[in-house]
Amino acid sequence: MLWIAVTGVLSQVAVLWPSGASEAASQAAATPPAGFQCPEGWRCMPPRGDSSGIRGMVGLFHHLHSGETFGPIGTAISVLSGLALVFFSISGIWLYVQMWQNRKSRKLSPRWFWK
3 MLWIAVTGVL SQVAVLWPSG ASEAASQAAA TPPAGFQCPE GWRCMPPRGD
53 SSGIRGMVGL FHHLHSGETF GPIGTAISVL SGLALVFFSI SGIWLYVQMW
103 QNRKSRKLSP RWFWK
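Offset between the sequence shown (1-based) and our numbering: plus 2.
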């Protein structure tokens, strides 16, 4: 699960990393080529400037994060890790509510955190 968390953060950081491209260069990149027409039902977006450096690694981070790099086994492990995160989140909230209700039924002051 640590692998999923780290590669997920890296993929987002790489997308948000400043490209270093000037405003004029990004405006030029935003202009579609002559004769280009966006297919119906699609939302076409211009490229996000310079794709060198860490921004060029977005695809690598995505493949590591999704497990695609390691084949079907990696993808299965990635899906199972995601399901485990959902399970632990829900069960943690459920345990906290149970402890809260138990403390309340014993006439102790309900607090957010207790000893």
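Idealized CB from N, CA, C, for every residue including glycine.
Asked: Inter-stretch contact at 8 Å, needing at least 3 Cβ pairs: the stretch 7-20 / the stretch 59-72; Found: yes
Asked: Exposed unless 16 or more other CB atoms sit within 10 angstroms - verdict on residue 13; Found: buried
Asked: CB of residue 60 within 7 Å of CB of residue 88, strictly; Found: no
Asked: Length of the line joining the Cα atoms of residue 56 and residue 37; Found: 31 Å
Asked: Local conformation of residue 105 per DSSP, three classes; Found: helix
Asked: Helix, strand or coil at residue 26 [DSSP, three-state]; Found: Since pLDDT at residue 26 reaches only 49, below the 50 mark, its modelled position is unreliable, and the value read off the structure follows with that caveat. Three-state result, residue 26: helix.
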